[in-house]
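Below is one structure, written out as structure tokens; the observations come after it.
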Amino acid sequence: MDLDFLTHTPFWIALGQIIIIDILLGGDNAVVIALACRKLPPEQRRKGIIYGTAGAIILRIILIAFAMVLLQLPFLKVVGAILLIWIGIKLIAPDDEGHDNIEGSDKLFAAIKTIIVADLVMSVDNVIAIAGAAQSSGDHQMLLIVLGLLISVPIIVWGSQLVIKLMERFPMIIVAGGMLLGWIAGGMFVTDPVFVNTDKWLWMPKLGTTDAQGLAEISKTLYWAAHIGGALLVLALGKFIASRRPTVAAH
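Residue numbers 491 to 741, in this note's numbering, belong to the letters of the sequence shown in order.
Written as structure tokens, this is what we have:
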């Protein structure tokens, strides 16, 4: 196997970029993982974090392979945004009915599923950034992507364990985490190809344009309004649903 590329500066620059992108975006992932695993018994928590992260990473690698195709799919981001809002609301107003009857393994599986679904949805934009960084290195793009993800995984896993500890002390972080998903969802929704591709789907209102890479370009006002609107929507719906539920006496 030819290992000459290890002496090429562009390879290391691209790897550095991918690791930085992964760590920055890993902040979101750490919050989602922590939120999904916070109700698991301590002995299952580590399993939930590791299995959920592993599943999310494998799916992200697959997504990156199809990154540029995904960017063109109509309504993918719209559906993703709705999914994220739903996950955010469930975090603020968890469905606790029949909680005592749920087997530990079921809860572990549910936590892993939440992590994978949320990461999959949040990765649509992230994978474009990572694929873009990998392309600048020329060859060995997939190796770069896998290496970057493997290096950043321990940081995401450690970060989510830290977030769980903080949540136990400061429950407001759970609400903030739900709102963070709403924030991401708002931005995803308005940058869906149907709203920014001025050549196709002409029957849809256009909220912006696309750049040379096919990435969405929208005004700063719309950018902030969409993000803030998504966060507030999750907060309002989450609090409303929680207030409608009968309060259960503490055991």
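C-beta atoms are modelled at their ideal positions from N, C-alpha and C, and glycine is treated no differently. In this text, all values refer to a predicted model and were calculated from it rather than measured experimentally.
Which residue marks the beginning of the beta strand (DSSP E) containing residue i, and which one marks its end?
i	result
T699	G698 to T700
A706	A706 to I708
CB-CB under 8 Å to residue i, same chain, minus the five flanking residues each way: which ones, in chain order?
i	result
A721	M669, L670, G672, W673 and G676
V607	L573 and I577
R659	none
Would you give the residue range spanned by the alpha helix (DSSP H) that residue i belongs to?
i	result
R536	P532 to A555
F742	With the chain covering 491 to 741 only, the question about residue 742 has no answer from this structure.
A571	L566 to I582
P695	Run containing P695: none; DSSP gives neither H nor E here.
Report all residues from its chain with a CB closer than 6 Å to the CB of residue i; omit the five preceding and five following residues, and keep chain order.
i	result
V647	I539 and T543
L610	L549
F730	none
F556	none
R734	none
D590	In this prediction, D590 scores a pLDDT of 42, lower than 50, which makes its location untrustworthy; the coordinate-derived value is nonetheless stated afterwards. Cβ neighbours of D590 beyond the five flanking positions: none.
Check whether the Cβ atoms of residue i and residue j lie closer than 8 Å to each other.
i	j	result
K567	M678	yes
L697	I708	yes
A706	V686	yes
K529	K597	yes
A583	A716	no
V521	G728	no
I579	L639	no
V724	I503	no
A526	T604	yes
I664	L581	yes
T699	T711	no
I641	Y541	no
Can you list, in chain order, the residues of its chain whose CB lies under 7 Å from that of residue i, leaving out five sequence neighbours each side?
i	result
A524	S650, V653, I654 and M657
L505	L634, L637 and G638
F565	D682 and V684
I510	none
E587	Note that E587 scores 48 on pLDDT, short of 50, meaning its location in the model is unreliable; the coordinates nonetheless yield the value given after this. Closer than 7 Å at the Cβ level, and outside the excluded window around E587, lies no residue.
V643	T543 and I547
K537	L598
I592	The predicted model places I592 with a pLDDT of 41, which falls under 50 and marks its position as unreliable, so this point remains unresolved.
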